[in-house]
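Encoded as structure tokens, the structure appears first; notes follow it.
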Amino acid sequence: MRGKKHTGRKHKNQNKKTRPTVIANKRRSKDIDQVHDDLKAPQKFKAGSLPTDEDLPGMGQYYCIACTRFFTSAEVKAKHEKSKLHKRRLQKASDTPHTQRDAEIAAGMTHE
Numbered sequence: 136m137r138g139k140k141h142t143g144r145k146h147k148n149q150n151k152k153t154r155p156t157v158i159a160n161k162r163r164s165k166d167i168d169q170v171h172d173d174l175k176a177p178q179k180f181k182a183g184s185l186p187t188d189e190d191l192p193g194m195g196q197y198y199c200i201a202c203t204r205f206f207t208s209a210e211v212k213a214k215h216e217k218s219k220l221h222k223r224r225l226q227k228a229s230d231t232p233h234t235q236r237d238a239e240i241a242a243g244m245t246h247e
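Last residue of the sequence shown: 247 in my numbering, with the numbers rising by one and none dropped.
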């Protein structure tokens, strides 16, 4: 006899990302409307004005507002700002977010 005889059912390892436990434990970043509000006051996120935190990369001084990420140095942050991911996120954040009033008008509810 060659090889091993398989007994029992073979478990599938597909769709790991869609399991409820994985979704519940996912590290959430800021939503795009929160980022839009932060982009209105970028001086709050300049290096030196942020509080020092030893647990964050770069002592929490190099922060990308659009992507809500901390970086280890100014060079790494500058390289990130040239990336396609950052440019897409910045474009998405610069658009005006939808409001509750917009949703009600689209649903056909009159707003008087």
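Even for Gly, the Cβ is constructed at its ideal location relative to N, Cα and C.
Exercise. Going by Cα to Cα distance, which pick from Ser164, Asp168, Glu189 is closest to Ser229?
Worked result: The option with the nearest alpha carbon to Ser229 is Asp168.
For this session: Excluding the 5 residues preceding and the 5 following Lys165 in the sequence, name in chain order all residues of the same chain whose CB lies nearer than 6 Å to its CB.
Result: Sequence-distant Cβ neighbours of Lys165 in its own chain, meaning closer than 6 Å and more than five residues away, are Thr203.
Problem set entry | Residue burial classification, Val157 (beta-carbon count within 10 angstroms, cutoff 16) | Exposed, because fewer than 16 other Cβ atoms sit within 10 Å of the Cβ of Val157.
Exercise. Around the Cβ of Ile240, are there at least 16 other Cβ atoms within 10 angstroms (buried) or fewer (exposed)?
Worked result: Counting Cβ neighbours within 10 Å, Ile240 comes out exposed, since fewer than 16 surround it.
For this session: Could you pull the start and end residues of the alpha helix (DSSP H) that Arg223 belongs to?
Result: If you look at Arg223, you'll find it in the alpha helix (DSSP H) that goes 219-229.
Problem set entry | Residues bridged to Arg162 [DSSP beta-bridge criterion] | For Arg162, no pairing in a beta bridge is given by DSSP.
Exercise. Can you give the Cα-Cα distance for Gln226 and Thr207, rounded to whole angstroms?
Worked result: In a straight line, the C-alpha of Gln226 is about 24 Å away from that of Thr207.
Exercise. Should Ala201 and His233 be called a contact, given that it needs their Cβ atoms to be closer than 8 Å?
Worked result: Not a contact, by the Cβ cut-off of 8 Å.
For this session: Sort Met244, Pro192, Arg224 by Cα distance to Ala209 and report the nearest one.
Result: The shortest CA-to-CA distance from Ala209 to any of Met244, Pro192, Arg224 is the one to Pro192.
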